[in-house]
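Some notes on the structure that comes next.
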Amino acid sequence: YQDGIFLKWLWNTLYYGFVGTAGMTLVCVACGYGLAMYQFRGRGVLMGCIIGSFLVPHALLTIPSFLLFTDLRMVDTPSAIIVPSLFNAFSVYLAKVYAEGAIPPELLEAARIDGAGEYRIFFTVGARLMSTGAATIFLLGFVGSWNSFFGPLVFLRTPEKWTVMVGLYSWLKVKVDTSADLTGMVVVGSLLSLIPMVILMISMQRFWRSGVTLGSIK
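Here the sequence shown is numbered in the numbering used here, starting from -13 and rising by one per residue.
What follows is the structure, encoded as structure tokens:
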């Protein structure tokens, strides 16, 4: 801890989590809103593809993603962690379900009659009514990003760019490879890494409770 590497890992995890999850929330809320509020050709097929993607293991995409990121020179950069997190199929489905229950179509028609464009309707009407669902999506996405291990382990090489999970794993690996006992550091680091999650869960509990409840009812 004296060299500050753990605080660096903690900051990296917060940065990757907040930036990636914020972008994912905006993208998925917009996609869910579009699927729920608009009728267009291929809508059912698109929704079927999104649901079908639930069956694809993330590990199956690791090698293609690594080869693609290598060609784009994104390996060992924050983009390798943030970009893949910008789209989440389950979050799109959750946003669609929430939009169907939270946004009255009559309200959108009234906004169109008043002369509002589709983008303005989304940001001033749809996004506000979906704020609870968006908070739930953000919370679930941030938890997943915070606990992510395999992606950062594969795509990040420099220790200063690691996340908390990969850093703690490296300490455990040191214990296995050498005679150094870092068990105490791993335990303390694990406890400290829980603090941001506890703060986030407490501060957003009223949002995710109502959001998950509505999703289960639908």
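Beta carbons are placed, not taken as given, at the ideal position from N, Cα and C, and that holds for glycine.
### Message
Using a Cβ distance threshold of 8 Å, determine whether the segment 134 to 154 contacts the segment -9 to 10, with at least three qualifying pairs required.
### Response
yes
### Message
Would you say the beta carbon of Leu126 is closer than 7 Å to some non-hydrogen atom of the ligand FAD?
### Response
You won't find the ligand FAD in this model; it holds no ligand whatsoever.
### Query
Between Met33 and Leu21, which are expected to be in contact by the criterion C-beta below 8 Å, what is the C-beta distance as a whole number of angstroms?
6 Å
### Task
For the alpha helix (DSSP H) containing Leu54, list its first residue and its last residue.
48 to 57
### Message
DSSP three-state label for Val173, please.
### Response
helix
### Query
What are the start and end residues of each continuous alpha helix (DSSP H) run of 4 or more residues lying completely inside the segment 78 to 140, in chain order?
91 to 99, 104 to 107, 117 to 132
### Task
Report yes or no: is there a C-beta of chain C within less than 8 Å of the C-beta of Phe141?
Although the question refers to chain C, the structure presented lacks it and comprises just one protein chain.
### Message
Applying the 10 Å Cβ sphere with the 16-neighbour rule, what's the burial state of Ser117?
### Response
exposed
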